[in-house]
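Q: Residue numbers (mature numbering (1 follows the signal peptide of the UniProt record, and there is no 0)): -22 to -1, 1 to 167.
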């Protein structure tokens, strides 16, 4: 065997040994129950009647941007639809089954703090509390469809307080309409 061949064989053997014993790098993904398992890049949340993704969120069918909403100075924020012309939109992240975003207190009073999605249940609004949430059930399917307990079908947009349209999970009010909640990299409109 020539020295070059021995060197190549040693390199291949060393590479194979390192590959077999190394830990794979963390990947963004979901567990089998749809709960997000790693930290992702910040994203916007939009509603749409379309279950497939688009590289341009403005092209999603019946797309609406979302923002936080606090009727009557309540502690927990709701997620509402917002029309074109917004000045800014919140970005979100997802870890361990909980959506996170930064916001000031009600009506922009007080310092900015982290708001975390509460445990999502049928017939209730998607809520964000200014406290640590120890148990979450939100995930992402295929990296963009927001799920609850692994299901992406159940999101509804419903008439809420003060004439706002809010996001609910399995809303049953006559005003509720089915939608998909998607994580997108750029806001629509």
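Each residue gets a CB set at the ideal place from its N, CA and C atoms; glycine is no exception.
Quick one: what does DSSP say residue 36 is sitting in, helix, strand or coil?
A: If DSSP states are grouped into helix, strand and coil, residue 36 belongs with the helices.
Q: Drop a sphere of 10 angstroms on the beta-carbon of residue 86, count the other beta-carbons inside from all chains shown, and report buried for 16 or more, exposed for fewer.
A: It is exposed - the Cβ of residue 86 has fewer than 16 other Cβ atoms within 10 Å.
Q: Determine, using beta carbons only, whether residue 108 and residue 69 come nearer to each other than 9 Å.
A: Against a cut-off of 9 Å, the Cβ pair of residue 69 and residue 108 comes out as no contact.
Q: How is residue 72 classed by DSSP in three states: helix, strand or coil?
A: Residue state, collapsed to three classes: strand.
Q: What whole-angstrom Cβ distance do residue 25 and residue 56 have, given they're in contact under 8 Å?
A: With a Cβ gap of about 13 Å, residue 25 and residue 56 do not count as contacting.
Q: CB-CB under 6 Å to residue 197, same chain, minus the five flanking residues each way: which ones, in chain order?
A: The shown model of the chain, from -22 to 167, leaves out residue 197, and the question about it has no answer.
Q: Could you tell me if residue 166 is buried or exposed, where buried requires 16 or more neighbouring beta carbons within 10 angstroms of its beta carbon?
A: Residue 166 comes out buried.
Q: Report the three-state DSSP secondary structure of residue 139 (helix, strand or coil).
A: Note: residue 139 maps to helix in three-state DSSP.
Q: Bridge partners of residue 105, per DSSP?
A: Its beta-bridge partners are 56.
Q: In the DSSP assignment, what are the bridge partners of residue 80?
A: Residue 80 pairs with 92.
Q: Express the C-alpha separation of residue 53 and residue 42 in angstroms, rounding to a whole number.
A: Rounded to whole angstroms, residue 42 to residue 53 spans 25 Å at the Cα level.
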